[in-house]
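Trainee:
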Amino acid sequence: MVHHFDFLRESIRNLRKTGSVARSSRFLCQAIAEKIDPSQAKVVVELGPGDGVITEYILRRLGPETRLVVFEINDAFFEKLKANFQNNDRIVLIHDGAENMAAHFERLGITEVDYFVSGIPFVMLPEELSVDIITKCRNWLRTGGFFIQFHYSPFLIPMYKRIFGNTKTEFIPLNIPPALVISCSKVSGV
Numbered sequence: 009m010v011h012h013f014d015f016l017r018e019s020i021r022n023l024r025k026t027g028s029v030a031r032s033s034r035f036l037c038q039a040i041a042e043k044i045d046p047s048q049a050k051v052v053v054e055l056g057p058g059d060g061v062i063t064e065y066i067l068r069r070l071g072p073e074t075r076l077v078v079f080e081i082n083d084a085f086f087e088k089l090k091a092n093f094q095n096n097d098r099i100v101l102i103h104d105g106a107e108n109m110a111a112h113f114e115r116l117g118i119t120e121v122d123y124f125v126s127g128i129p130f131v132m133l134p135e136e137l138s139v140d141i142i143t144k145c146r147n148w149l150r151t152g153g154f155f156i157q158f159h160y161s162p163f164l165i166p167m168y169k170r171i172f173g174n175t176k177t178e179f180i181p182l183n184i185p186p187a188l189v190i191s192c193s194k195v196s197g198v
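Note that our numbering numbers the sequence shown so that position 18 is 26, with each residue one more than the last.
1) Could you check the C-alpha separation between residue 32 and residue 132 for me, to the nearest Å?
2) At what residues does the alpha helix (DSSP H) containing residue 88 begin and finish?
3) So, at 6 Å on beta carbons, what are the nonlocal neighbours of residue 51 in its own chain, with the 5 sequence-adjacent residues on each side left out?
4) Compute the Euclidean distance between the alpha carbons of residue 191 and residue 60, then round it to the nearest angstrom.
5) State the DSSP-derived secondary structure class of residue 47, mapped to helix, strand or coil.
6) For residue 160, does the three-state DSSP call read helix, strand or coil?
7) What are the boundary residues of the alpha helix (DSSP H) that residue 97 is part of?
8) Please state whether the Cβ-Cβ distance between residue 175 and residue 165 is less than 7 Å.
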């Protein structure tokens, strides 16, 4: 089990990659997981799960046949994810950046994704890389699928709206710091 101190230490060491100094609260985790309709979720992809606190809530929400594919680039967090989830056959852990998702999806036989859940701190990445990753997510989503992102600032909402054409934002005050959950759906023709 990951302790809050472990998360804080790793976050301070790699703040640019983690984007936070505190684990997500149960309120944030629940708000994200509740946006997933288990009856519509065959393939769910989580980007930047950190130590896996949201991953646990996602897994509880998903049906037994749903596959959860997780991308994490931080070495310490990836080792914690392996320790916590290595015996769960519904989850595929990938130690690589989200920008390389296509190669992994092809290897896994994935042709489309129903939900992306992202904790990537896009505000700390170069804009070109952020746009590239989010556009790839949109392209892999099935029509009617959702991209769900959490942030601590509304700064990037216009970028999501530009890429998806729509956004819905929910404010989660009971989190340190307070968070926003941004949902974007892929509509036909986009």
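Built from N, CA and C at the ideal position, the CB exists for glycine as well.
Mentor: Put simply:
1) For the purposes of this step, residue 32 is identified with residue 24 of the sequence shown, where counting begins at 1. For the purposes of this step, residue 132 is identified with residue 124 of the sequence shown, where counting begins at 1. Cα to Cα, residue 32 sits roughly 18 Å from residue 132.
2) Along the sequence shown, one-based indexing puts residue 88 at 80. First-last of the alpha helix (DSSP H) with residue 88: 83 to 93.
3) In the sequence shown, the residue the question calls residue 51 occupies position 43. Same-chain partners within the cutoff: 75, 118, 121 and 122.
4) Translated into the one-based positions of the sequence shown, residue 191 becomes position 183. Translated into the one-based positions of the sequence shown, residue 60 becomes position 52. Cα to Cα, the separation comes out at about 20 Å.
5) Counted from its first residue, the sequence shown places residue 47 at position 39. It is helical.
6) Counting from one through the sequence shown, the residue named residue 160 turns up at place 152. Of the three classes helix, strand and coil, the one that applies to residue 160 here is coil, per DSSP.
7) Here residue 97 refers to the residue found at position 89 when the sequence shown is read from its first residue. Neither: residue 97 is in no alpha helix (DSSP H) and is coded neither H nor E.
8) The residue labelled residue 175 in the question sits at position 167 within the sequence shown. The residue labelled residue 165 in the question sits at position 157 within the sequence shown. The answer is yes: Cβ separation under 7 Å.
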